[in-house]
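Numbering (UniProt numbering), first residue to last: 1 to 1026.
Built from N, CA and C at the ideal position, the CB exists for glycine as well.
All of these numbers come straight from a predicted model, not from anything done at the bench.
Have a look at the structure below before the remarks.
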């Protein structure tokens, strides 16, 4: 840990009024009863429960958050798994129910590898499984014997569920299903809890019966061994890598190679396959299959208010503490700076979001109540029909469960609520100014973790089409006189009744008229879209923007209605004192008017409001509301009852000690402050630990070994050999359970340099060490004494003791161009396969040559990469400066024509001569390989007359290629102009290879201006770089 601040630093205080004083004054200026409002929002029982859970979590060191913002992804995953396990144990120990477990998760405020198991997986088993399947899967899953995930999204398809490519084919002979991934894009992708945690998955796959597809259905598929946790045969599964956020979750990929599962593994509560006849049993209502997604969308709506409230809490408290500039209209005697929250521009950004957080909270609660009520209706019908129901999938009367209403509302609200919350968090972060960009603000990581919500469980833009489809269908039913008696039908009928006489809603003085104006707008936009679609016959695609506006209008109507109804409820009036209730009504009005102004043209065009009303709402009423709500802002965010431990924010502290906490985290918690850099280029020291720790430099590596006598004894002989010459070795370092391997390094000290450079600390323990002798030739001349290699390049050996392979030359040119320090190991042809096998590389999937050079070893990460395209991509991503274009339209055209038209002639001349520069061992290997491939003796290819005719036959192609290479000569010497590209290196490498093998072949090519120009332009990188 970094050293503590000296006493004189600890004695420093922020200038001006202290943050704690400013927030205390804010709270004193408001008469909002925070305890009363909090109890109304959550109930006293829930608040007391959360406080008890918080104390339990804070007492367990595994949940300590001090280092959260400093960890890398692997460390964060490890910590998240430890917390998930600890949380599960605490749940069992304290007998927590689902709500208490979720409350603990909310306090931790970090996704864990169990996240999708506890939500999507369990909910799908519960809703889509039969009682027999509950016993087989659900009970074991609830006990965490089975740990699962919900695998629907694929690499090639997300929102388009019907387009999923994974198949589940029924095998009537043995009554099984075969789960298969027919394409790469069928790979399950983005699946939470899949990458490393899950041993089972609910896989959504296309059901195939007798060659006929029946659409996507859920199947329970074991994916990892229940004892070893290794992937089961014919299953390829893993983590998809780092993401924009959500990096404590192991989102994974999953592929199947004809994996069989029994009939019982198809979740068939509503649809299935008759095991005796092999016939499909259809669901009475197809929408029943998507019950899990409806639940998750309802949960997203419910969570959105709290998500936004968290950001608003941090930003509001900080803006009340932060002071900037003097008020321009203040009395000259007032010299203090103004609180940022006093600026109307800041109020305009934050206070509507404060209102939105409450609006979304009430809407989320209404959404969950609607979902639960629908589930209750379904359960009652199931119970009533149990005596009559036949064995097999359940049947419910179509339309009897209001699923269409629920689905449309959940889709519209999921899109609106998650978009509002996500965009609102970013507004909150920016309202915090420069300090909002600090991880310590607590908003950035929260925003990054929440952001995927706008995409998963239905992309927000895509979902609006489903809402529009529902609204258009409902409007048609109203016009046809066949509409059910539900909310949307009633507002459509009212619109039709009044559309000729107008609306004339008093949106400035009547809360109910505000609600009605939002309903009117929905009706107007729906019938406008219906006219475009049914009368004008406009295409669906041409109306997508209209549908998005329509869905947004429908969602805003739902939110405004739910907020209004919550405040009109008698329980609300009894729970809140008049002053608090008055402010809540002002929040409702601010939310409604803010959204009305944002879509002013729609309200005016529909005649829901007049232009004058919109002008007054903007210029007077909204400003008046901001001024009236401003004194209560801090107390209104206090009512959310977020403990500081949950927020983990220096800016959003309840006590207002913003600057003290920011400085403490930066100075005394930050592990980077525990090291001292040596910035001077001439020194080989990188840094040292603060205090007495050893320096990170090559000559001090032995000092690290000396600290552990056991390791010194194990390595002493090998260290002696290193000092007397270069060896090829494999060296393993294990630190905190992680092992790094270093191969073919010039000095063992390089391994220690890696640790200092990457881990940023002195290793505590070095074990698992061995040095294995082997004897390939190593070209150390590529490295200067003061630069250690980051790349080990495996190349082909020849008697000229230089590089001759064109494919290796491409990589060598790239290394030289990017000035990457590297070392070359030359291998004879027969040694390539055994050496690369020894290094642990996997063979090529196809082709006669399964192991090839170039192959590189990236010393800092220990990675091995074979095949030049893959190497080029790795180098470009790892060393992006200077950039190198790996692909272009012109480049692809040249490479294709060069390989197809000119390549054969080039190979006929080069191949037999290439054999002449190889050692006897390699010649024998090379001859057998190529004579078998070409169907003749190598010497037969060296017929001067035939060779000359071959070159003449491609002369026109060579000229055409040459002209293509000069396409951009007016811009610069390279193919694309001023900067080289990978295709330039492809051309130069081919010519350099020819020059090494036979000067005459090189001269033939260099006679064409384009070839010559590219070759000469690449000459600076032909020399081996230090």
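Assigned with DSSP and collapsed to three states, residue 149 falls in strand. Here residue 638 is buried. Its C-beta has 16 or more other C-beta atoms within 10 Å. Within the same chain, 146, 147, 148, 222, 223, 224, 225, 226, 229 come within 8 Å of residue 199 by CB-CB distance, once the 5 residues on both sides are set aside. Note: residue 310 is not bridge-paired with any residue in the DSSP secondary-structure output. Residue 801 sits in coil when the DSSP states are folded into three classes, being neither helix nor strand. Taking the CA atoms as reference points, residue 977 sits about 9 Å from residue 967. For residue 578, the enclosing alpha helix (DSSP H) begins and ends at 578–598.
Here residue 858 carries a strand assignment [DSSP, helix/strand/coil].
Between the stretch 303–316 and the stretch 407–423, the count of C-beta pairs closer than 8 Å reaches three or more; the two stretches touch.
Around residue 129, the same chain offers 137, 138, 267, 269 as residues with beta carbons nearer than 7 Å, after the five sequence neighbours per side are excluded.
In this chain, residue 834 is not harboured by any beta strand (DSSP E); it is covered by the alpha helix (DSSP H) spanning 832–838. With distances taken between CA atoms, residue 65 lies nearest to 439 out of 196, 439, 321, 364. Exposed is the label assigned to residue 4, since fewer than 16 other Cβ atoms lie within 10 Å of its Cβ. Under the three-state reduction of DSSP output, residue 349 falls in the helix class. In the structure shown, residue 112 adopts coil according to DSSP, grouped into three states. Your pair residue 854 and residue 794 checks out as a contact, with CB atoms roughly 6 Å apart and the cut at 8 Å.
Taking C-beta atoms under 8 Å as the contact rule, residue 209 and residue 264 fail to qualify, at a distance of about 17 Å. Among the bridge pairs identified by DSSP, residue 823 is matched with 792. Per DSSP, reduced to three states, the secondary structure at residue 418 is helical. Looking at the backbone, the Cα of residue 282 and that of residue 271 are separated by about 5 Å.
Per DSSP, residue 202 is not a residue of any alpha helix (DSSP H); the beta strand (DSSP E) it occupies stretches across 200–209.
Three or more pairs of CB atoms, one per stretch, sit closer than 8 Å, so the stretch 581–592 contacts the stretch 354–371. The beta carbons of residue 788 and residue 834 sit no closer together than 8 Å. Taking all protein chains in view, the Cβ of residue 501 is surrounded by fewer than 16 other Cβ atoms within 10 Å, so the residue is classified as exposed. Looking at the DSSP output, residue 514 sits in no beta bridge, so it has no partner there. Counting only runs of 4 or more residues that sit fully inside the stretch 596–652, the alpha helix (DSSP H) segments are 600–605, 611–616, 622–629, 633–638, 644–647, in chain order. The beta carbon of residue 182 is closer than 7 Å to those of 165, 167 in its chain, skipping five residues each way along the sequence. Excluding sequence positions up to five before and after residue 236, its CB lies within less than 6 Å of the CB of 255, all in the same chain and listed in chain order. Membership of residue 29 in any alpha helix (DSSP H) is not indicated, and neither H nor E is assigned to it by DSSP. Per DSSP, residue 402 lies in no alpha helix (DSSP H) segment and is marked neither H nor E. Residue state for residue 154 is assigned as strand, using DSSP reduced to three classes.
Going by C-alpha positions, residue 472 is about 6 Å away from residue 526.
Taking C-beta atoms as the reference points, residue 193 and residue 114 count as a pair closer than 8 Å. Straight-line measurement puts the Cα of residue 475 at about 8 Å from the Cα of residue 483. For residue 998, same chain residues with a beta-carbon under 8 Å away, outside a window of 5 residues either side, are 909, 910, 913 in chain order. Residue 861 counts as exposed, since fewer than 16 other C-beta atoms from the protein chains shown sit within 10 angstroms of its C-beta.
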